[in-house]
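First comes the structure, then the notes that go with it.
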Ligand code: OFO
């Protein structure tokens, strides 16, 4: 059993993870509409990862005899100003999520909940990977500038990417 405070905080994070999934689904839909089909598929993998993150937390709450709540979600943005904008916003969002995970760890520590703290370590590592992956793509986008052929190649490369190793 975890404290009420931790249960609420983890339920809030479940909402954030599902929101991340819907945000990235929206980027994927936008990318498809712009014929960036590789990017669309890249973000579909992200969607699956985010649902995986939410479900990990969801199941953990039941493991510790607490209650997970299915959240209501805000509408994510639907339009982006190009690939750089989409990836910039993704990186910014991931940094926000990292900050939230770190606050959750601090809260688990404050509450002397070692099981929860240990559970959250997976997410601490995952966030390092998520930010690194987005930084890598952004660096490539900046490198190629507006070169249409290079953008085409990058989009194709993004489409070949499989799951990042996270869940
Ligand atoms: Fe769940 O890591 Fe991204 O948001």
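Numbering (my numbering), first residue to last: 34 to 200. Here a beta-carbon is modelled for each residue, glycine too, at the ideal position from N, C-alpha and C. As the structure is a prediction and not an experimental result, all values here were calculated from the model.
Work out the CA separation of residue j and residue i for me, nearest whole Å.
i           : j           : result
residue 117 : residue 190 : 16 Å
residue 167 : residue 154 : 20 Å
residue 121 : residue 186 : 19 Å
residue 61  : residue 73  : 4 Å
residue 71  : residue 63  : 12 Å
residue 188 : residue 56  : 19 Å
residue 129 : residue 183 : 30 Å
residue 178 : residue 37  : 50 Å
residue 91  : residue 145 : 21 Å
residue 103 : residue 175 : 39 Å
residue 109 : residue 173 : 25 Å
Just tell me which of the options has its CA closest to the CA of residue i.
i           : options               : result
residue 83  : 97, 46 and 94         : 46
residue 192 : 107, 68, 42 and 56    : 68
residue 49  : 88, 111, 34 and 60    : 88
residue 39  : 70, 60, 143 and 123   : 143
residue 133 : 114, 160 and 149      : 160
residue 58  : 179, 178, 177 and 123 : 123
residue 158 : 51, 135, 42 and 176   : 135
residue 98  : 137, 177 and 149      : 149
residue 81  : 51, 181 and 103       : 51
residue 181 : 169, 145 and 115      : 115
residue 156 : 36, 86, 79 and 41     : 86
residue 195 : 77, 37, 35 and 34     : 77
residue 95  : 177, 35, 173 and 175  : 35
If you check the beta carbons only, do residue i and residue j fall under 9 Å apart?
i           : j           : result
residue 101 : residue 44  : yes
residue 139 : residue 147 : no
residue 119 : residue 113 : yes
residue 53  : residue 126 : yes
residue 42  : residue 137 : yes
Since residue i contacts residue j with CB under 8 Å, what's their CB separation in whole angstroms?
i           : j           : result
residue 164 : residue 131 : 6 Å
residue 75  : residue 152 : Wrong, their Cβ atoms sit about 28 Å apart, outside the cutoff.
Looking at the ligand FAD, does it come within less than 8 Å of residue i, judged from the CB to the closest heavy atom?
i          : result
residue 86 : Of the ligands this structure carries, namely the ligand OFO, none is the ligand FAD.
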